[in-house]
Amino acid sequence: MLESYLTGLIVCGGIIVAIGAQNAYILGQAIRREHHWWSAGFCMVADVALLTLGMFGVSAALLAMPEALEIMRWLGVAFLAWMAVQALTRASRGRAALEAGEITKRSLRGVLFTTLAVTLMNPQVYLDTLLLIPAIGAQQENPATFVAGASSASVLWFSLVAWGGSALAPILSRPKAWRIIDGAIGLMMAAIAIQLAVSGL
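The working numbering applies: residue 69 is where the sequence shown begins, and numbers increase by one.
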C-alpha cells in the first residue's frame, strides 16, 4: 500500500512540476497576491477529481472520442495565445503603467473563471490526469492508494507555488522583476500554444 502511494506521489509530482500554463498562471497570481489560494485550491480539486475519474474508466471513453481531444487542442491554442498576449502586454507596459491606468485587482469570480479556463482548456491536463497517470496507476497493487499519492502531489505542489510566490512577492513584484516574470510567462504560454498547434497531442 505504501509503495503504491509513493509511486503515485512521485509519478504525479514529476509530471506536475514541469512548468506549464497552470503553474505559470498560479505563480503570477501568487506574486500579485490576487486570490492565489483560491486559484491553487481550484487546481488541486480539479486534479483530484480528474485523477479519480481517470482511474474509474473515463480514460477509455476519452480514447473512444479522439475528436473531443482535437477540439480541446484548438480551444487550448486560442486561449493560451490570448493569455500570452496579455502577459507580454503587461511586460511591455510595466507594473507601474498598469497600476496608474487600469484595474490592478480582479474579482474572485474573474480569477476563478480564468483558472477554470487555464485548467480545462489545456488538453495536456486531460492527457496527464485521465490517461497517462491512471495507466500507471492501473498497474499498481492498490490503485486507490496510488490516486491518493498522486492527489497529494498536486496538493503539495500547488500549495508550494501559491505560498512561495506570495512569500517572494516583495522581491519579485519590483517593476523590473515583474516585467521579466510577465515576459517569461507570456513566452511560456506562447511556446505551449505553438507546440500544441504544430505538434498536436
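Glycine included, each C-beta is placed from N, C-alpha and C at the ideal position.
Collapsed DSSP secondary structure at residue i in the structure displayed
i, result
"A168", "Unreliable placement is indicated for A168, whose pLDDT of 35 sits below 50; no coordinate value is reported for it."
"Q154", "helix"
"E209", "coil"
"L95", "helix"
"L236", "coil"
"M189", "coil"
"H104", "helix"
"M69", "coil"
"S175", "coil"
"L148", "helix"
Same chain only: Cβ atoms within 6 Å of residue i, ignoring 5 sequence neighbours per side
i, result
"A149", "A261"
"L77", "G217, S220, A221"
"G96", "I253"
Contact set for residue i: own chain, Cβ-Cβ below 8 Å, skip 5 residues either direction
i, result
"I83", "D196, L200, I201"
Contact set for residue i: own chain, Cβ-Cβ below 7 Å, skip 5 residues either direction
i, result
"A152", "G254, M257, A258, A261"
"A114", "T187"
Problem set entry | Within the stretch 239-269, ranges of the alpha helix (DSSP H) (whole runs, at least 4 residues) | 243-267
Problem set entry | Three or more C-beta pairs below 8 Å linking the stretch 105-120 and the stretch 242-254 | no
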